[in-house]
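The sequence shown maps to residues 0 to 248 in numbering that gives the first Met the number 0. Beta carbons are placed, not taken as given, at the ideal position from N, Cα and C, and that holds for glycine.
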Amino acid sequence: MPTNLDPADRAKFASAEGALKFVEDGMRLGLGTGSTAAWLVRLLAEKVQSEKIDITCVPTSSRTRDLAESLGLKVTTLDDVGWLDLTIDGADEFDPELNLIKGGGGALLQEKIVATASDQMLVISDDSKQVDHLGAFALPVEVVKFGWETTKAIIEDALSDAAVAGDTVTLRLSRDAPYITDEGHYILDLHLRKIEAPMGLSIVLNQIPGVVENGLFVDIADAVCIGYASGEHRIMKPAREADDVLSTP
Ligand code: 5RP
């Protein structure tokens with residue numbers, strides 16, 4: 000581990016380092032987005048070089064693609080490979096069932112497509128993202144630009160009937176202008192404080208015209224590699240699962 004990292008980055012690094020053990024020669028690998036995923040990409044590039052293994056990578060954002068290519072990783076598209084063995088990605092929150100909030104970095108749409116097209120999804124995270132209930136982190140929802148204010152109003156209306164503790168919706172900005180995703184959409188952040196029923200809310204949101212996708216990942220993640228500032232990590236599986244996923248090498 001680099002010596003000059005602050006505690007938060009040490010935990011992210013430890014998580015990415017722990018996840019690297021699940022990467023095997025010949026894999027088609029989904030690469031997540033965010034600061035934790037960036038550590039993974041850097042460590043993966045070192046592993047590929049030192050172990051001379053063949054890994055085909057599908058990034059979940061232009062940022063991750065740029066980083067992976069700059070480090071010499073073999074990068075392609077999801078359409079080229081069709082399906083992936085494993086996706087490793089960060090999260091903004093995860094609950095005991097490993098339901099996630101994702102999209103803090105604005106890449107939730109490609110992230111969900113890639114994770115869903117993978118045999119397994121491994122989340123990399125420091126321990127600060129572990130929660131009993133999702134919702135303290137604002138839920139990102141990707142919407143098309145056309146009629147976005149009407150879409151926002153319909154979302155607000157839907158939230159009044161949903162099992163959530165807050166209902167404020169804000170347009171995500173970047174330097175005073177709307178943040179634009181890789182797919183050319185806007186992001187609305189839903190400040191819900193507590194989400195009682197993630198699957199139900201996800202279905203309700205995705206039925207609203209103008210909503211492209213939401214940042215709730217329900218029943219998608221197979222395990223979380225939790226990193227600690229001490230440099231240690233542990234693998235956490237969802238309470239519902241038996242021991243047959245992501246057995247530690
Ligand atoms: C990007 C994401 C990220 O995985 C999430 O925001 C976590 O990022 P970080 O590792 O920087 O804390 O969902 O859309």
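Practice task
Decide yes or no for the touch test of the region 202-211 against the region 222-237: beta carbon pairs closer than 8 Å, at least 3 of them.
Solution key: They do not touch, by the three-pair rule.
Handout entry: Nonlocal neighbours in the same chain, by C-beta distance under 6 Å from SER69, ignoring five residues either side
Key = none
Problem - 7 Å CB neighbourhood of ALA161 in its chain, flanking five on each side removed - result: LEU200, VAL203
Handout entry: ALA238 - containing beta strand (DSSP E), residue span
Key = Where ALA238 is concerned, there is no enclosing beta strand (DSSP E), given that its DSSP letter is neither H nor E.
Exercise for the section: Run the proximity test for ASP91: is its beta-carbon closer than 8 Å to any non-hydrogen atom belonging to ligand 1? Expected result: yes
Problem - LEU4: CB within 8 Å of a non-hydrogen atom of ligand 1 - result: no
Practice task
Using a threshold of 9 Å, state whether the C-beta atoms of VAL47 and ILE123 are closer than that.
Solution key: no
Handout entry: Ranges of the alpha helix (DSSP H) found wholly within the region 7-82, counting only runs of at least 4
Key = 34-50, 61-69, 77-80
Practice task
Return the chain-ordered list of same chain residues with a C-beta closer than 7 Å to the C-beta of MET26, the five sequence neighbours on each side being excluded.
Solution key: ILE54, ASP84, LEU85
Practice task
In angstroms with no decimal places, state the Cα-to-Cα distance between THR115 and ASP5.
Solution key: 33 Å
Problem - ALA7 to ALA36 span [Cα, whole Å] - result: 14 Å
Problem - ASP218, buried or exposed, once every other Cβ within 10 Å from all chains shown has been counted against 16 - result: The residue in question, ASP218, is exposed, as its Cβ has fewer than 16 Cβ neighbours within 10 Å.
Exercise for the section: Assign THR149 to one of three DSSP states: helix, strand, or coil. Expected result: helix
Handout entry: Per-residue DSSP class, three states only, for SER229
Key = coil
Exercise for the section: Output the distance between the C-alpha atoms of ALA15 and VAL130, rounded to the nearest integer angstrom. Expected result: Looking at the two C-alpha atoms, the distance is approximately 20 Å.
Problem - The alpha helix (DSSP H) enclosing TYR115, as first and last residue numbers - result: Note that residue 115 is Thr in the sequence shown here, rather than Tyr. Segment 107-115, the alpha helix (DSSP H) holding THR115.
Practice task
Could you name the residues that DSSP lists as bridge partners for TYR185?
Solution key: VAL142
Exercise for the section: Would you identify the three-state DSSP class for ASP88, choosing helix, strand or coil? Expected result: strand
Practice task
Would you check whether ligand 1 has a heavy atom nearer than 8 Å to the C-beta of LEU259?
Solution key: An answer regarding residue 259 cannot be provided, because it is not within the stretch 0 to 248 covered by the chain.
Exercise for the section: Could you tell me the distance, in whole angstroms, from the CA atom of GLU96 to the CA atom of ALA176? Expected result: 36 Å
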